[in-house]
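Enquirer:
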Amino acid sequence: MPLRRALTLALLIEAALAAAAAAAALALMGPPAPPAGPVLALAGGLAGGLVGALALGGRLATAVRRPLRKIAAAAWPGAEGRLRPVPLAEASFAEGRETIAAFNVMAAHLDRTIDTLAQGKNTLESVLAHMSDALLILDARGVLTLINPAAERIFGVAAPLVAGHRLIEVLRHFELDALIREAERERAPVARELVVHRPQHRVLRVQASPVRGRRGEFLGTVVVAQDITDLRRTDLVRQEFVANVSHELRTPLAALRTLAEALLDGAAGDREVGPRFLNQIVAEVDRLTLLVNDLLDLSAIESGRAKMEMAPVPLGEMAEDVAAKFRPVADRRRIALRLEPPAGPLLAWGDRERLAQAVANLVDNAVKYTPDGGTVTVSVEGRGDLVAVAVADTGIGIAPEHLPRIFERFYRVDRSRSRALGGTGLGLSIVKHIATSHGGRVEVESTEGRGSRFTLLLPRVPDGIPERG
Ligand SMILES: Nc1ncnc2c1ncn2[C@@H]1O[C@H](COP(=O)(O)OP(=O)(O)OP(=O)(O)O)[C@@H](O)[C@H]1O
Ligand SMILES: [Mg+2]
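Structure representation (structure tokens):
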């Protein structure tokens with residue numbers, strides 16, 4: 048290292064100068080005094096010369112020492128651990144100045160090297176801190192030497208407490224330990240899916256890679272764990288979805304088959320039963336068509352494939368159109384279908400047809416789940432940057448334990464009741480997807496036995512922007 052070499056050199060020069068001064072002093076005390084006379088004169092001359100030489104040596108020594116001391120003082124790093132440059136004026140002779148200049152160049156070089164290293168260290172630390180994958184570095188004995196924040200979070204440990212301990216002692220995950228040992232034995236990276244149960248259930252894809260030195264010696268293991276819990280959950284949801292769809296299709300298909308068989312067995316010739324069975328077949332086919340249409344809609348909105356014609360939509364007008372469609376059903380059941388329009392023109396940014404579909408699903412539910420003689424109110428109002436379309440009913444309501452789940456596909460509080468009413472449990476999940484694809488959301492408040500209120504919140508178009516004609 049150049050710094051150490053410079054210091055050694057400075058110390059050596061100091062020592063050499065001290066030795067020279069001692070030698071001069073010895074020479075002064077020197078051999079026993081020679082006879083007087085010319086000898087004395089000679090001695091006097093010699094002594095004078097020596098004194099002169101000594102004085103010169105002393106000045107020289109001071110001139111050399113001072114810059115060396117300065118270098119040494121500067122070399123002693125300050126609180127910030129950096130060397131300071133030494134002014135050239137500190138040396139009164141050329142070699143001293145050269146030494147100082149060389150030292151200054153070296154100090155500047157060292158400064159840059161420290162800066163580069165610090166920068167590299169900061170970059171590495173911020174990469175480690177912000178990476179979403181867990182990273183664990185173990186030495187050859189399986190002792191944890193590094194653990195990043197993602198690993199702390201995933202494994203529920205604190206880095207300062209576990210660093211310096213063997214992985215198996217702190218994580219107590221035997222499968223993970225076995226994986227690491229397998230990688231060490233195989234001398235190659237090994238990857239596997241593992242589950243951790245604490246502090247939370249997580250599915251991880253873990254890769255352990257052994258690290259070897261130049262001569263092939265085992266240095267340790269780098270372990271990277273990727274959290275794939277959400278990915279696995281999506282797989283599960285997809286599997287459940289397929290199972291649900293199959294189940295929903297099977298029921299009307301079975302009914303169709305039974306009805307068709309009955310007709311074949313002679314019911315077709317019966318003037319009373321025949322037409323009734325045929326009507327039931329039409330109803331089941333309608334149900335199937337509805338289900339398939341809902342599924343297609345849902346998948347189109349969810350995947351972003353649904354073509355959305357975005358424009359300012361006058362919500363009051365749109366709510367009126369939807370209410371008009373449900374009026375005949377409501378009248379038949381003596382349900383008062385009321386409309387509370389906004390004070391002025393209120394515009395939402397969206398696809399008019401999709402928004403109308405969402406409101407229609409809410410009104411359909413409100414009418415379906417409200418006993419005869421009840422009331423359904425559709426209101427439209429501005430709420431800051433949002434517009435709210437609320438559908439309130441005086442119906443059966445929803446118990447609190449079901450509320451968080453009603454927006455899931457196929458979720459129905461009362462399966463048989465919903466099915467009897469022709470429902471498949473897709474209506475609210477379509478509403479939710481329409482809301483989110485518009486940058487909005489849907490909220491629900493409900494009291495069992497008293498009624499429910501669903502509110503669709505959408506981004507509002509600022510006043511003054513005309514609706515498209
Ligand atoms: N206004 C409401 N009052 C009471 N319960 C409701 C109301 N709206 C929804 N629900 C409950 O939430 C469930 C899910 O509603 P959703 O609209 O998704 O399905 P559905 O109405 O059963 O069938 P679909 O809408 O597909 O015809 C319903 O089965 C019902 O149990
Ligand atoms: Mg519905």
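Heads up, the sequence shown is in my numbering, so the first residue is 48 and it goes up one at a time.
All residues carry an ideal CB built from backbone N, CA and C; glycine is no exception.
Note that this is a predicted model, so its numbers are computed, not measured.
Quick one: grab the DSSP three-state call for residue 277.
Expert: helix
Enquirer: Between residue 272 and residue 180, which are expected to be in contact by the criterion C-beta below 8 Å, what is the C-beta distance as a whole number of angstroms?
Expert: That pair is a contact at about 6 Å.
Enquirer: When we look at the beta-carbon of residue 171 and count the other beta-carbons within 10 Å, is it buried (16 or more) or exposed?
Expert: exposed
Enquirer: Looking at the structure shown, is residue 180 part of a helix, part of a strand, or coil, going by DSSP?
Expert: coil
Enquirer: Looking only at its chain, what residues have a beta carbon closer than 6 Å to the beta carbon of residue 457, apart from the 5 residues adjacent to it on each side?
Expert: 291 and 472
Enquirer: Checking the sheet assignment: what are the DSSP bridge partners for residue 194?
Expert: 183.
Enquirer: How many Å lie between residue 240 and residue 277 at the Cα?
Expert: If you draw a straight line from the Cα of residue 240 to the Cα of residue 277, it comes to about 14 Å.
Enquirer: So, at 6 Å on beta carbons, what are the nonlocal neighbours of residue 439 in its own chain, with the 5 sequence-adjacent residues on each side left out?
Expert: 424 and 500
Enquirer: Give me, in chain order, the residues of the same chain whose beta-carbon lies closer than 6 Å to that of residue 430; leave out the 5 immediate sequence neighbours on both sides.
Expert: Apart from the 5 residues on each side of it in sequence, residue 430 has no Cβ closer than 6 Å to any other Cβ in its chain.
Enquirer: With distances taken between CB atoms, is the gap from residue 204 to residue 217 smaller than 8 Å?
Expert: yes
Enquirer: Can you list, in chain order, the residues of its chain whose CB lies under 7 Å from that of residue 508, leaving out five sequence neighbours each side?
Expert: 359, 394, 395 and 396
Enquirer: Let's test the definition: count the other Cβ atoms within 10 Å of the Cβ of residue 408 and tell me whether it reaches 16, buried, or not, exposed.
Expert: That one is buried.
Enquirer: For the beta strand (DSSP E) containing residue 324, name the first residue and the last one.
Expert: Not the beta strand (DSSP E): residue 324 falls in the alpha helix (DSSP H), residues 320–350.
Enquirer: Can you determine whether any heavy atom of ligand 2 sits closer than 7 Å to the C-beta of residue 475, and answer yes or no?
Expert: yes
Enquirer: Can you tell me where the alpha helix (DSSP H) holding residue 373 begins and where it ends?
Expert: 362–379
Enquirer: Could you give the first and the last residue of the continuous beta strand (DSSP E) run that contains residue 421?
Expert: Counting along the chain, residue 421 falls outside any beta strand (DSSP E), and DSSP gives it neither H nor E.
Enquirer: How long is the line joining the alpha carbons of residue 73 and residue 264, rounded to whole angstroms?
Expert: Here residue 73 scores only 38 on pLDDT, less than 50, and its place in the model is too uncertain to base an answer on.
Enquirer: Alpha carbon to alpha carbon, what distance is there between residue 173 and residue 115?
Expert: 41 Å
Enquirer: Report buried or exposed for residue 403, applying the criterion of at least 16 other Cβ atoms within 10 angstroms of its Cβ.
Expert: buried
Enquirer: Looking at C-alpha atoms only, which residue of 164, 198 and 169 is the closest neighbour of residue 178?
Expert: Comparing Cα positions, the closest option is 198.
Enquirer: Could you tell me which residues DSSP puts in a beta bridge with residue 254?
Expert: 238 and 271.
Enquirer: Let me know the secondary structure DSSP gives residue 288 once reduced to three states.
Expert: DSSP places residue 288 in helix when its eight states are reduced to three.
Enquirer: Looking at residue 291 and ligand 2, is the gap between the Cβ and the nearest heavy atom below 7 Å?
Expert: no
Enquirer: Smallest Cα separation from residue 388: which of 401, 398, 381 and 370?
Expert: 370
Enquirer: Could you tell me the alpha carbon to alpha carbon distance between residue 150 and residue 132, rounded to whole angstroms?
Expert: Rounded to the nearest angstrom, the two C-alpha atoms are 8 Å apart.
Enquirer: Is residue 433 helix, strand or coil by DSSP?
Expert: strand
Enquirer: Can you tell me whether residue 502 is helix, strand or coil according to DSSP?
Expert: strand
Enquirer: For residue 282, which residues from the same chain have a beta carbon less than 7 Å from its beta carbon, with the 5 sequence-adjacent residues on both sides left out?
Expert: none
Enquirer: With a threshold of 7 Å, establish whether the CB of residue 411 neighbours any heavy atom of ligand 2.
Expert: Yes.
Enquirer: I want to check one thing, is the minimum distance from the CB of residue 463 to the heavy atoms of ligand 1 below 7 Å?
Expert: For ligand 1, not one heavy atom lies less than 7 Å from the Cβ of residue 463.
Enquirer: According to DSSP, residue 507 sits in a beta bridge with which residue or residues?
Expert: 395
Enquirer: Are there 16 or more other CB atoms within 10 angstroms of the CB of residue 270, so buried, or fewer, so exposed?
Expert: buried
Enquirer: At a cut-off of 7 Å, would you count residue 340 as near ligand 2, judging by its Cβ distance to the nearest heavy atom?
Expert: Answer for residue 340: no, Cβ out of range of ligand 2.
Enquirer: When we look at the beta-carbon of residue 326 and count the other beta-carbons within 10 Å, is it buried (16 or more) or exposed?
Expert: Residue environment analysis places residue 326 among the exposed positions, since fewer than 16 neighbouring C-beta atoms fall within 10 angstroms of its C-beta.
Enquirer: Taking buried to mean at least 16 other C-beta atoms within 10 Å of its own C-beta, is residue 284 buried or exposed?
Expert: Under this definition residue 284 is an exposed residue.
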